[in-house]
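J.:
In the numbering used here, the protein residues as written are 606 to 1267.
Below is the structure:
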């Protein structure tokens, strides 16, 4: 979720910038190099050769007036920009709304009520609000395998809520305080993750399986375990878990990931605004993450332990007597076994604590370490990589432990097109030297990971323009990341060539080591979003009416190496200007061709994407249609039609004639 709105009561809750370090911004690194040099393979190719790696296809885009372009990779006519209150896809494709907010998926399967009168318990058995990252697990995929494209588990995140639409007439608030516990419980239950068993029926349409043994809701109140180096740390001690080994809930779940062993990873992004601390001086584990004196939804203003845990004010002599450390239980990556409804979700602290947008794995090889990447979605924050200590063994029952013992790195993008992965490891001499030089200390590795942002500040990582989703090319191994926007930037350069960067761009890199475990890489810019007058596509030319866009956010490679790009524009970019509603595009990195494939309804974000193994069904999420709506002022009525409250939903996209999607 990427907007520039302040955090206010019941707002959409993007966190305010909190990086006040003097680390170099990527803007400052390559001043004086023209923007064309860093697109389509120009600037970084010499540096990549220096590293002994290449970017296959990077130099092909735009050469010889397209003579080298590979035809037929994007076999559809691009859809036009539109502000219609519907989902628009190319001719020859069908799009149908599926499992919208409130769809019954487990328990007693309570029906959705349009008037908002569903109970908190109902909401705990229905899909949550504001669908985001998701993954399709074939029903035969317990061990990371599986090919069933007719029957599976669709697992999806629910990022945040629109409280005015969740209740009959909005939340009950008096002088900034919540008055009705049932309302807050319903809001808590509208967050988290849904596990939905789905299959094709006799009419070849997807439907929810009733009485499913897999259907499940994980909410902001679900009991969870803490694993990894920070487990049992003093900074995780709370009244609920004095030992610092257990917690409750996951929230602000934005993008996602999935493991090679068949489990789901949900990522906690803008979680800091859920907490409040009235303490005049806040420790770095709160201040560096933006925890303020007021929370987004004011849950902590109600009495009772289930609500008071959102109040991080020091109230007792010891941490075990209050919830001063409760915010430290969030900002992690959470593993969920979708095939075991009784399993306890696990927060993996070795992967670091920050505003995780998502997590993506490099191609996994037996006998090699597991490597994954994650971005910290806030202005001027960082890109991270994790390398497991032990090796991946297919089918081994303890593969989940690979996410608990390893090294977390943060990226430094150098001006010459090379890059370095800097270890955040208290046993590493270079890390200790950086700490000494800056007068910063950490008690142990758990402290380093709870304070990941401070550790990254210390080693001199490169501040980025909102690193969001990532994707790894299935053939070349190139890593792509969206840098959605950064309207706080005031100086232009080649890597971020515009001040007040409202349009965003996509960066990519190639690792020095084939297994992605090394500490060097080469990088360049793949695409600059924006209007025709201020943009560059992968072919080095300006974007056209077929593909102009802004604020690239979601990112996904399909099995054939096409890159799907989803946007999250907000404010004036949606209401006026050349871009229309948020959209999804498809790019061919080899040819440099980009086409607009989908445009969403009014006020929505297009986010989350997955497909069946046969690629006949594409699932895409539509989040917060009609954002800002109230029961008396509906800004969108998608997907249910006139007079109905807007509902986030998954869109099922198929192609006429039962061929592959593309």
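Glycine included, each C-beta is placed from N, C-alpha and C at the ideal position.
If you draw a straight line from the C-alpha of residue 970 to the C-alpha of residue 1082, how long is it?
T.: Rounded to whole angstroms, residue 970 to residue 1082 spans 13 Å at the Cα level.
J.: On a Cα-Cα basis, can you pick out the residue from 755, 1060 and 709 that is closest to residue 1039?
T.: The shortest Cα separation from residue 1039 among 755, 1060 and 709 belongs to 1060.
J.: For residue 926, which residues of its own chain have a beta-carbon under 8 Å away from its beta-carbon, when the five flanking residues on both sides are left out?
T.: 844 and 920, listed in sequence order.
J.: Please name the residue in 837, 864, 854 and 710 whose C-alpha comes closest to that of residue 848.
T.: Of the listed residues, the one whose Cα sits closest to residue 848 is 837.
J.: Using 8 Å as the Cβ pair cut-off and three pairs as the minimum, do the stretch 1012 to 1019 and the stretch 789 to 806 touch?
T.: Too few Cβ pairs lie closer than 8 Å, so no.
J.: Find the nearest neighbour of residue 677 within the set 1110, 1193 and 961, judged by alpha-carbon distance.
T.: Of the listed residues, the one whose Cα sits closest to residue 677 is 1193.
J.: Taking the DSSP output, what are the residues bridged to residue 904?
T.: According to DSSP, which records beta bridges pairwise, residue 904 is partnered with nothing at all.
J.: For residue 725 and residue 814, I'd like the C-alpha separation in whole angstroms.
T.: One C-alpha to the other measures close to 23 Å.
J.: Would you decide whether residue 960 is buried or exposed? Buried here means 16 or more other CB atoms lie within 10 Å of its CB.
T.: Residue 960 is buried by the Cβ-count criterion.
J.: Report buried or exposed for residue 792, applying the criterion of at least 16 other Cβ atoms within 10 angstroms of its Cβ.
T.: Residue 792 comes out buried.
J.: Of all the options 1009, 1044 and 743, which has the alpha carbon lying nearest to the alpha carbon of residue 1218?
T.: Residue 1218 has its Cα closest to that of 743, out of 1009, 1044 and 743.
J.: Where do the N-terminal and C-terminal ends of the beta strand (DSSP E) with residue 701 fall, by residue?
T.: 698 to 703 is the span of the beta strand (DSSP E), which, as asked, contains residue 701.
J.: Spell out whether any CB of chain D is found under 8 Å from the CB atom of residue 1196.
T.: Of the protein chains in the structure, only one exists, and it is not chain D.
J.: Per DSSP, which residues does residue 1036 bridge with? Please list them.
T.: Looking at the DSSP assignment, residue 1036 forms no beta bridge with any residue, so it has no partner.
J.: How far does the alpha helix (DSSP H) with residue 1007 in it reach, from first residue to last?
T.: Careful: residue 1007 lies outside any alpha helix (DSSP H) and carries neither H nor E.
J.: Does residue 858 come out as helix, strand or coil in the three-state DSSP assignment?
T.: It is a strand residue.
J.: Sorted by chain position, which residues of the same chain lie with C-beta nearer than 7 Å to residue 930's C-beta, five sequence neighbours on each side aside?
T.: Result list for residue 930: 840, 841, 842, 843 and 924, in chain order.
J.: Going by beta carbon distance, what residues of the same chain come within less than 7 Å of residue 825, once the five residues before and after it are set aside?
T.: Result list for residue 825: 793, 796, 797, 854, 855 and 856, in chain order.
J.: Suppose the cutoff is 7 Å on Cβ atoms and the five residues either side in sequence are ignored; what does the same chain contact list for residue 1239 look like?
T.: So the qualifying residues of the chain are 1231, 1250 and 1251.
J.: Excluding the five sequence neighbours on either side, which residues of its own chain have a C-beta within less than 6 Å of the C-beta of residue 711, listed in chain order?
T.: For residue 711, where only same-chain residues beyond five positions count, the Cβ hits under 6 Å are 730, 820 and 821.
J.: When the Cα atoms are used, what is the spatial distance from residue 644 to residue 928?
T.: Residue placement at residue 644 is flagged as unreliable, the pLDDT there being 49, under the threshold of 50; a coordinate-derived value is accordingly withheld.
J.: For residue 1209, which option in 1046, 1186, 1199 and 1078 has the closest C-alpha, if you only look at C-alpha atoms?
T.: Here the closest residue by C-alpha is 1186.
J.: Less than 8 Å between the CB atoms is what I'm expecting for residue 1254 and residue 709, so what's the real figure, rounded?
T.: The Cβ separation is near 14 Å, so there is no contact.
J.: Do the stretch 997 to 1009 and the stretch 856 to 876 make contact, defined as three or more Cβ pairs closer than 8 Å?
T.: The stretch 997 to 1009 vs the stretch 856 to 876: in contact.
J.: Would a C-beta distance cut-off of 8 Å place residue 1022 and residue 1129 closer than the cut-off?
T.: Yes, Cβ-Cβ distance for residue 1022 and residue 1129 is below 8 Å.
J.: Using 8 Å for Cβ pairs, my map puts residue 1139 next to residue 1108. What's the rounded Cβ distance?
T.: About 7 Å; that satisfies the 8 Å criterion.
J.: How many angstroms separate the CA atom of residue 1169 from the CA atom of residue 859?
T.: Their backbone Cα atoms lie some 17 Å apart in a straight line.
J.: Under 8 Å: do the stretch 1061 to 1075 and the stretch 973 to 991 share three or more Cβ pairs, one atom per stretch?
T.: Yes, the stretch 1061 to 1075 touches the stretch 973 to 991.
J.: Between which residues of its own chain and residue 1056 is the CB-CB distance below 8 Å, once the five residues before and five after are set aside?
T.: Same-chain partners within the cutoff: 889, 890, 893, 958 and 1047.
J.: Tell me the DSSP secondary structure of residue 740 in three-state form.
T.: Residue 740 falls in the strand class under three-state DSSP.
J.: How should residue 750 be labelled, buried or exposed, when 16 other C-beta atoms within 10 angstroms of its C-beta is the threshold for buried?
T.: Burial call: exposed.
J.: Which residues share a DSSP beta bridge with residue 1228?
T.: Looking at the DSSP assignment, residue 1228 forms a beta bridge with 1210.
J.: Alpha helix (DSSP H) containing residue 1250: first to last residue?
T.: Where residue 1250 is concerned, there is no enclosing alpha helix (DSSP H), given that its DSSP letter is neither H nor E.
J.: What does the alpha-carbon distance come out to for the pair residue 702 and residue 1203?
T.: About 14 Å.
J.: First and last residue of the alpha helix (DSSP H) that includes residue 1124?
T.: Unbroken run through residue 1124: none, as it is neither H nor E.
J.: According to DSSP, what are the bridge partners of residue 974?
T.: Per DSSP, 996.
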